[in-house]
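Residues 1 to 185 (UniProt numbering) make up the sequence shown, in order. Have a look at the structure below before the remarks.
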Amino acid sequence: MRTERLRALDTTRRWRRDIGGVAAIEFALIMPALVFLYLGSVDLTTGWTIKRKVSHSVSAMSDLVTRINTLTKSDLDDIFKIGDATMTPRAAALGTAKITAIGVDGTGKAKVTWSYARNTTKDTVGTLVTLPSDLAGLKNVSLVRTSASYDYTPPGASRVIGTVKLEKQIYGQTRTGTAVACTDC
């Protein structure tokens, strides 16, 4: 009986000293967390890159519109195509895009003068617009509000996060003349 106890104790001591498989077990335990972190960081950086591309697209479209005195729907469609081209290679195209001209009168009231949109509803002409706080107080000026959005579904976390709407909106002031006109909007 005593011999069996000594043998069991001896076996237990040998197992404590034998650390040959510890690294493999630790690796097996930590590997799922490492894979999860890696895939999450890939999804996060891809989403961040697409958000930057949406911002660049809106900026490019706004810059083009504010440089031109008179536009047509065809011109605006071409500007939307430029916004789509800015999204490549990460995304095929912007989800929605809208360009709205806003006239601010001498009393500071801002109204929509024309609007054109793709994959969303355009603003109604004559509708009062609430300007952001940094633009409040402007008078007798013409602005162009450009906005776009993209629905991003992260491939690795689509079940966890779902779809995230990445959007950007900026205001620009006309650079040539007093206002940007759209002849057939």
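The beta carbon of each residue, even a glycine, is placed where N, CA and C say it ideally should be.
If you follow the beta strand (DSSP E) that residue i is in, where does it begin and where does it stop?
| i | result |
| --- | --- |
| residue 148 | 141-152 |
| residue 131 | Residue 131 -> no beta strand (DSSP E), and no H or E assigned at all. |
| residue 168 | 164-173 |
Let's test the definition: count the other Cβ atoms within 10 Å of the Cβ of residue i and tell me whether it reaches 16, buried, or not, exposed.
| i | result |
| --- | --- |
| residue 168 | buried |
| residue 79 | buried |
| residue 81 | exposed |
| residue 31 | exposed |
| residue 133 | exposed |
| residue 104 | buried |
| residue 83 | buried |
| residue 38 | exposed |
| residue 24 | exposed |
Taking the alpha-carbon of residue i as reference, which of the options has the nearest alpha-carbon?
| i | options | result |
| --- | --- | --- |
| residue 99 | 21, 135 and 113 | 113 |
| residue 119 | 142, 24, 36 and 149 | 149 |
| residue 45 | 172, 140, 173 and 155 | 155 |
| residue 48 | 184, 165, 74 and 180 | 165 |
| residue 178 | 67, 40, 56 and 38 | 67 |
| residue 43 | 159, 102 and 130 | 159 |
| residue 95 | 109, 58 and 105 | 58 |
| residue 111 | 139, 84 and 27 | 139 |
| residue 87 | 121, 152, 182 and 4 | 152 |
| residue 50 | 135, 128 and 91 | 91 |
| residue 146 | 122, 36 and 4 | 122 |
| residue 97 | 22, 21, 54 and 4 | 54 |
Spell out the partners DSSP gives residue i in its beta bridges.
| i | result |
| --- | --- |
| residue 96 | 149 |
| residue 118 | 97 |
| residue 103 | 111 and 142 |
| residue 181 | 70 |
By Cβ distance, which residues of its chain are closer than 6 Å to residue i, with the 5 residues on each side in sequence left out?
| i | result |
| --- | --- |
| residue 172 | 62, 66 and 144 |
| residue 230 | Any question about residue 230 goes unanswered here, given that the chain covers just 1 to 185. |
| residue 75 | none |
| residue 106 | 139 and 140 |
| residue 28 | none |
Less than 8 Å separating the Cβ of residue i from some heavy atom of the ligand ZN?
| i | result |
| --- | --- |
| residue 72 | You won't find the ligand ZN in this model; it holds no ligand whatsoever. |
Enumerate in chain order the residues of its own chain whose CB-to-CB distance from residue i is below 7 Å, with the five nearest sequence positions on each side excluded.
| i | result |
| --- | --- |
| residue 161 | 154 |
Which first and last residues belong to the alpha helix (DSSP H) in which residue i is found?
| i | result |
| --- | --- |
| residue 46 | 22-66 |
| residue 83 | 73-87 |
So, for residue i: in the same chain, excluding its five sequence neighbours on each side, which residues have a beta-carbon less than 8 Å away from its beta-carbon?
| i | result |
| --- | --- |
| residue 200 | No answer is possible for residue 200: the residues shown for the chain start at 1 and end at 185. |
| residue 137 | 108 |
| residue 180 | 65, 66, 68, 69, 70, 71, 101, 142, 144 and 174 |
| residue 33 | none |
| residue 56 | 86 |
| residue 36 | none |
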